[in-house]
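To keep things clear, I will list the structure first and then write my remarks on it.
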Amino acid sequence: QYIAEREAREAVAPRVGDTAPDFSVELLTATGQRSGTHRGLKDYRGRTLVLMFGSYTCPIYRAQFECFREVYERFGDRLDFLTVYVKEEHPEDGWQLEINERHDCVYRQPVDADARAAIAADFIERYSVAMPMAIDSMSNATCNAYSADPERLYIIDGTGVVQHRSEPGPFHLDAVQAWAAAVADAARHSG
0 QYIAEREARE AVAPRVGDTA PDFSVELLTA TGQRSGTHRG LKDYRGRTLV LMFGSYTCPI
60 YRAQFECFRE VYERFGDRLD FLTVYVKEEH PEDGWQLEIN ERHDCVYRQP VDADARAAIA
120 ADFIERYSVA MPMAIDSMSN ATCNAYSADP ERLYIIDGTG VVQHRSEPGP FHLDAVQAWA
180 AAVADAARHS G
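This note's numbering numbers the first residue of the sequence shown as 0 and each following residue consecutively.
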């Protein structure tokens with residue numbers, strides 16, 4: 000059933016050259032508190048948006064986060080970055096992984112936006128996250144529109160067209176390197 004659901008979402012996910020779907024996510028503060036401010040694709044018109052999706056309970060996302068941070072530090076002054084915190088991939092009340100227990104990353108699937116933001120706040124604190132982060136709605140509308148779970152990377156140009164789309168995670172190093180190269184290329188062309 001998981002594979003059938005994934006294939007159905009993947010069939011409608013935006014591809015390179017497609018117009019990216021609009022979205023509405025709630026920005027978090029630097030400490031991971033809910034801000035009450037919502038952002039959508041229209042808020043990034045005219046600038047390239049590097050859109051990243053992931054959650055704390057995904058060990059691959061945690062492992063790759065240092066690379067994401069380095070890319071943000073290198074290009075964050077020229078491109079807009081947004082990490083969308085999505086549903087937990089390996090919650091305690093779902094498909095829990097032993098590695099999460101060893102890394103003290105055990106959380107139940109949140110049932111409301113406050114609980115999702117609280118887990119995101121723990122992630123922000125533990126990984127010293129400086130890039131902008133938002134939480135998806137509890138209906139997972141943005142995650143579903145971008146077929147973004149467990150993790151995914153997009154680059155959307157200033158006109159709203161997808162310029163890069165990774166495969167859904169888990170990522171291998173070559174996929175992260177290809178994404179980093181695409182970010183560098185977007186920065187070169189951003190003027």
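Beta carbons are placed, not taken as given, at the ideal position from N, Cα and C, and that holds for glycine.
Helix, strand or coil at residue i [DSSP, three-state]
| i | result |
| --- | --- |
| residue 96 | coil |
| residue 108 | coil |
| residue 6 | helix |
| residue 87 | coil |
| residue 48 | strand |
| residue 133 | strand |
| residue 79 | strand |
Close Cβ partners of residue i (< 7 Å) along its chain, the five nearest in sequence each way excluded
| i | result |
| --- | --- |
| residue 15 | 161, 162, 163 and 164 |
| residue 139 | 85 and 86 |
| residue 9 | 146 |
| residue 18 | 159 and 160 |
| residue 77 | 186 and 189 |
| residue 88 | 54, 56, 57, 148 and 149 |
| residue 96 | 58 and 89 |
First and last residue of the uninterrupted alpha helix (DSSP H) at residue i
| i | result |
| --- | --- |
| residue 74 | 58–74 |
| residue 141 | 140–144 |
Endpoints, the beta strand (DSSP E) within which residue i is located
| i | result |
| --- | --- |
| residue 163 | 161–164 |
| residue 153 | 151–155 |
| residue 12 | Residue 12 -> no beta strand (DSSP E), and no H or E assigned at all. |
| residue 37 | 33–38 |
| residue 26 | 24–27 |
Proximal residues to residue i (C-beta, below 6 Å), its chain only, five neighbours per side dropped
| i | result |
| --- | --- |
| residue 115 | 109 and 134 |
| residue 64 | 126 |
| residue 43 | 79 |
| residue 141 | 22, 24, 83 and 135 |
| residue 71 | 80 and 130 |
| residue 98 | 58 |
| residue 60 | 53 and 150 |
| residue 122 | 55 |
Residues near residue i in its chain [Cβ-Cβ closer than 8 Å; skip 5 each side]
| i | result |
| --- | --- |
| residue 20 | 13, 40, 144 and 145 |
| residue 45 | 157 |
is_contact[residue i, chain B] using C-beta, thresh 8 Å
| i | result |
| --- | --- |
| residue 17 | Absence of chain B from the displayed structure is noted, only one protein chain being present. |
Exercise. Touching or not, the region 51–59 and the region 147–160, by the rule of three or more beta carbon pairs under 8 Å?
Worked result: yes
Exercise. Does the region 122–141 come close enough to the region 73–86 to have 3 or more Cβ pairs within less than 8 Å?
Worked result: yes
Problem set entry | Cβ contact check for the region 34–44 and the region 19–26: 3 or more pairs under 8 Å | yes
Exercise. How about the region 55–75 and the region 98–105: do they share at least three Cβ pairs that are nearer than 8 Å?
Worked result: yes
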